[in-house]
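Below is one structure, written out as structure tokens; the observations come after it.
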Amino acid sequence: MTHKLLLLVCCIFLLAGTAAAETVPCDSDGDGTLTASELATAILDSLDARFMGGTVEVPSSDDLRDAAFVYEHWDGRALTITDSSGRETTLSRPLRKIAVFNSDTIEMMRSIGVESDRVVGVSKYTLEDPTYFPEYRGKANLGSTWAPDYEQAAAVRPDAVFLYATISQSSCDEIEETLSSIDPGIRFFRFDSYRPTAYADEVRTMGALLGKEEGAERFLAFHGSVMDTVAGRIASIPADERVSVYLENWDDYKSAGNGSGYDEKIGLAGGRNIFADTAVEYPAVDPEAVISRNPDVIVKIVGAGELVFGGYGDDDPAPFEEVTRAIEDRPVWDRIDAVRDGRVHVIHSDVIGGPEYFIGVAYMAKWFYPDLFPDLDPRAVHQQYLSEFQRLDYDLEEHGAFVYPV
Amino acid sequence: MMTDFGRQEYARLTEKRALFIAALILILAALVGVAVTLGSANLPVADSYLAILAGLFPEAVDLPDRMVESNAVGIVWGWRLHRVLFAIVAGFGLAIAGTVMQGVLRNPLASPFTLGIASAASCGASVAIILGAGFLSGYLVIGNAFLFAMLAAGAIYGMARLKGMGSETMILAGIALMYLFSAVTSFLQYLGTSEKVQEVVFWMFGSLDKSSWPKLGLVTVVVVAVVPLLLWRAWDLNALAEGDETAKSLGVPVERSMAGFMLAASLVTAVIICFTGTIGFIGLVAPHITRMVIGADHRTLIPASGLVGAVILLGADCLARTVIPGAIIPVGIMTAFLGIPFFVYLFMRRRDA
Amino acid sequence: MNPSVMTPRRAVGLCILIALLAAPATAASVERTLTSSGNDLTVTLTVTDITVGGIVETIPDGCTWAGTDHPENRTRVSGQHVAFAVVGEETVRYRMQGPAEAGEEIAGTWEDLQAGESGTVGSDGPRNPGEAAQTTAPGAPGFEWAAALAALVVLCVRRCGR
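Residue numbers (my numbering), protein chains in the order written: chain R, 186 to 591; chain Y, 61 to 413; chain W, 37 to 198.
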């Protein structure tokens with residue numbers, strides 16, 4: 186433990202000149218609230234010293250910019266944020282250099298309008314997807330949550346690190362512990378950015394944290410317009426009249442059981458998962474069980490495992506059709522209602538997992554109840570998400586393969 | 061006279077051993093000097109050394125601005141230094157565990173891995189990662205890995221007590237356990253989601269990324285406590301290596317000694333791999349190399365192979381961090397790659413004998 | 037960063053930055069309009085898209101300061117300079133005593149503390165958009181550096197020895 190003490194002494198010695206005070210910047214009376222007049226005085230002092238030959242003690246330009254942010258976005262007070270793991274953090278300055286280990290969080294940040302210059306490091310998965318994250322190409326490579334590159338993470342001198350909240354908790358805890366011992370000043374925030382139940386809260390929390398409250402509300406209005414419409418219309422359907430669904434992921438006969446994300450999303454779209462009673466999260470099911478439970482609709486997910494095709498980087502819809510035929514050709518499966526009625530659908534994991542899950546829910550709702558959602562156009566929703574909120578120049582008419590039948 | 065010749069030979073051997081150990085210490089020191097400067101933060105060499113000094117004597121050192129900006133002190137003291145020291149202690153521990161096991165079991169292929177201890181630790185880690193169940197809340201993976209490893213050691217001891225404490229019994233029991241725990245691990249991987257399986261696989265690669273000063277302290281304490289005990293009883297190990305009957309006739313309490321040595325070796329292995337994951341080949345290769353140079357007297361074999369293990373692991377870690385720019389290969393993979401040419405060499409050498 | 041020091045390297049870097057950055061939807065700016073009646077000049081600064089910022093105006097010689105409507109605790113006069121702190125206002129109005137032509141010679145700079153931009157009063161758009169580009173770290177000398185140096189020394193010795 187002597188080493189930690191030495192490190193602490195070191196840091197105090199080093200930080201002596203740049204005292205990282207925990208008070209709101211430019212708060213001259215120290216009451217914890219930055220008033221307009223305190224801010225004005227700080228601005229005048231700074232302008233005075235730089236342009237008018239003044240000799241007053243000047244707040245640094247960083248202090249001034251931080252003070253402007255706190256005044257504008259946080260009402261002049263320090264902000265207390267509760268992240269998705271329940272941890273409360275109090276900030277008196279905005280975050281300027283963020284290291285983000287979670288690609289889904291980058292996407293969510295982009296939805297609310299956060300510019301890429303505030304992010305100093307991203308995970309290797311973000312860098313491996315230049316089609317979707319072109320403006321993050323030059324950022325430092327932080328590795329992944331399981332194999333983080335601590336030196337890169339330390340070298341970019343972040344003031345905050347964003348990690349997962351419910352996945353890989355032990356790995357995230359280790360990242361926190363190690364980075365804290367390298368630089369005790371780093372703050373840590375846990376955001377999942379893909380779970381439907383926490384989605385709206387996380388968007389709002391991020392909006393407040395990063396000064397993008399308006400962007401957050403605008404995005405939530407868009408997200409809500411889809412999810413609330415779906416929820417509202419399916420609410421009137423009684424439980425026993427709900428469409429029964431068999432969901433299969435990219436591995437044959439691997440379905441989703443109770444408590445899994447896909448099970449939740451089927452429910453959100455108004456369907457009834459025929460394996461919702463299975464305790465295992467991702468059970469390997471018996472094909473005969475599917476036949477005997479006779480689902481009305483079959484949803485097949487592609488995009489990983491051996492079915493790596495489609496998505497944003499691939500324009501070819503042919504493999505989707507092959508997958509559909511393969512399912513329909515399974516022995517005795519032509520007895521299943523879904524196959525007989527031609528209600529076998531294929532969807533790519535990009536639009537049913539992650540922060541785009543609501544697009545997947547829209548597709549599923551339309552597949553389950555086409556009469557209830559004549560005006561719902563999931564592809565238009567997807568396009569609006571990409572163009573307006575992700576600021577990507579990506580035309581779904583020309584590119585990408587996400588669902589079948591289209 | 062023959063005794064003079066014997067004494068001369070023995071003196072030469074002792075000198076050789078001393079030189080070998082001294083050379084190893086020097087190589088280790090040089091490796092430490094290099095290892096501390098390696099890393100993707102690209103700190104200048106001088107900065108790394110200055111950072112070490114600054115950490116030890118904060119008042120005396122005046123840091124240049126670029127080092128404050130790059131946080132060189134934080135990177136070196138918070139990340140690099142304890143990792144390098146951990147590599148040394150872990151390599152040392154794994155090597156002496158392997159040496160002891162090879163001596164007790166009289167089998168040059170014995171290692172913590174052939175006895176199922178590593179498979180047990182992997183199984184424990186899988187239980188913690190995939191099922192989220194464990195003994196020490198907050199330290200699920202570490203606690204499980206350690207406990208399952210000691211469980212395996214206990215099982216081997218139990219089975220050996222039942223069937224007689226022979227080396228064959230122990231090896232057979234160990235192999236059975238290895239398969240058992242591997243099967244359970246595979247089953248857990250089948251149940252788990254792809255992220256969790258990936259986590260388990262990463263754990264099993266073996267890496268030094270998870271080291272920290274407290275962990276280093278714990279492992280050092282265990283190794284420092286065990287090594288003197290082993291050295292004190294090293295002569296018994298020499299006797300055991302000759303055979304059970306020979307050892308008995310020399311007055312060595314065979315069953316108790318074997319149990320004690322196996323316990324010590326298992327403890328050191330368990331406490332190391334619960335933090336690092338399964339790093340293989342050190343316990344297998346280091347004793348062989350050392351035996352080839354200085355012979356099989358365990359009084360010097362144990363510390364010397366410990367040093368060889370430290371050099372191998374630290375060297376492998378340096379390679380693992382630099383061979384692919386921007387990526388850190390898990391050190392267990394690197395040691396596996398280093399082990400292969402060694403075995404090829406052994407294989408070729410066999411032909412001559 | 038002192039925005040008034042424009043080294044050539046910084047200018048090139050900024051031009052590249054300007055070229056690369058997508059143009060902001062609405063550019064922050066401050067426009068100046070003048071009305072005069074006799075010796076009284078009224079200057080109106082119209083602030084667009086700056087929620088928190090500062091403006092410094094330099095009054096030309098021969099003119100004298102005659103007051104402002106801007107709140108007193110947000111105004112500071114020093115010699116021929118006047119500084120305004122802008123916290124939510126959209127117009128800043130002040131008066132000067134002087135000839136009407138002097139109005140053309142008023143110079144001013146503005147700063148947007150939210151966006152980190154600054155510019156000249158009256159011109160279009162910010163002059164220094166965005167934060168200064170991150171300076172790349174100098175190449176870290178390592179063992180390769182020492183080896184290269186050694187090679188150079190050897191080369192040098194050989195050359196000099198000829």
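The beta-carbon is built from N, C-alpha and C at its ideal position, and this holds for glycine as well.
DSSP links Asn458(R) through a beta bridge to Val430(R). By the Cβ test, the segment 371 to 385 of chain R is not in contact with the segment 300 to 318 of chain R, since fewer than three Cβ pairs between them sit closer than 8 Å. In this structure Gln162(Y) is buried. Its beta-carbon is surrounded by 16 or more other beta-carbon atoms within 10 angstroms.
Restricting attention to Glu362(R), Ile228(R) and Arg525(R), the CA atom closest to the CA of Tyr199(Y) is found in Glu362(R). Using beta-carbon distances, Thr338(Y) does not count as an interface residue toward chain R, since no partner is under 8 Å. In summary, the residues of the segment 371 to 391 of chain Y whose CB is separated from some CB of chain R by less than 7 Å are Gly386 and Ile388, in the order they occur in the chain.
Counting only runs of 4 or more residues that sit fully inside the segment 226 to 275 of chain Y, the alpha helix (DSSP H) segments are 227 to 251 and 254 to 265, in chain order.
Among the bridge pairs identified by DSSP, Gly328(R) is matched with Pro333(R).
Beta-bridge partners of Thr156(W) (DSSP): Thr145(W). Leu200(Y) reaches chain R at Ser355, counting residues in chain order whose Cβ is nearer than 8 Å. For chain Y, the residues of the segment 358 to 369 of chain R that bring a beta carbon within less than 7 Å of one of its beta carbons are Glu359, Glu362, Thr363, Ser366, Ile367 and Asp368, in chain order. Annotated as proximal: Ile333(Y) and Ala205(Y), with beta-carbon spacing under 8 Å.
Counting C-beta pairs with one atom in each stretch, the segment 327 to 335 of chain R and the segment 281 to 297 of chain R have three or more that are closer than 8 Å, which means they touch. The count of Cβ pairs closer than 8 Å, one atom from the segment 220 to 233 of chain R and one from the segment 96 to 115 of chain W, reaches three, so the stretches are in contact. For Gln133(W), the enclosing beta strand (DSSP E) has its first and last residue at Thr127 to Gln133.
As computed with DSSP, Lys439(R) is found in a beta bridge with Ala469(R). At a cut-off of 8 Å between beta-carbon atoms, Arg112(W) makes contact with chain R.
By the rule that beta-carbons nearer than 8 Å mark a contact, Gln337(R) touches chain Y. Flagged as an interface residue toward chain Y: Val465(R), by a C-beta distance shorter than 8 Å.
Contact between Met237(R) and Val388(R) is absent: CB atoms are separated by about 44 Å, not below the 8 Å threshold. Contact between the segment 313 to 321 of chain R and the segment 418 to 429 of chain R is not established, with fewer than three Cβ pairs separated by less than 8 Å. Contact annotation: Pro390(Y) and Phe265(Y) have beta-carbon atoms nearer than 8 Å. Taking C-beta atoms as the reference points, Ala339(R) and Ile135(Y) count as a pair closer than 8 Å.
Considering only beta carbons, the part of the segment 57 to 91 of chain W lying closer than 7 Å to chain R consists of Thr87, Val88 and Gly90, in chain order.
A contact is defined here as three or more CB-CB pairs under 8 Å, and the segment 258 to 278 of chain Y meets this definition with respect to the segment 389 to 409 of chain Y. Taking one beta carbon from each stretch, the segment 365 to 372 of chain Y and the segment 140 to 160 of chain Y have 3 or more pairs nearer than 8 Å; the two touch. Between Ala301(Y) and Arg359(Y), the gap from beta carbon to beta carbon reaches 8 Å or more.
Annotated as distal: Val371(Y) and Leu290(Y), with beta-carbon spacing of 8 Å or more. By the neighbour-count definition (other C-beta atoms within 10 Å, threshold 16), Arg77(Y) is a buried residue. For Ile352(R), the nearest beta carbon of chain Y is closer than 8 Å to its own beta carbon.
In this structure the segment 493 to 513 of chain R does not lie against the segment 547 to 563 of chain R, because fewer than three pairs of beta carbons, one per stretch, are closer than 8 Å. With fewer than 16 other beta carbons inside 10 angstroms of its own, Asp260(R) counts as exposed. When DSSP states are grouped into helix, strand and coil, Ala263(R) belongs to the coil group.
Residue contact with chain R for Ser108(Y): absent (no Cβ-Cβ distance below 8 Å to any residue of chain R). By the neighbour-count definition (other C-beta atoms within 10 Å, threshold 16), Ile400(Y) is an exposed residue. Cβ-Cβ distances below 7 Å link Glu466(R) to Gly442, Gly444 and Ser445 in the same chain, with the five nearest sequence neighbours on each side left out; the list follows chain order.
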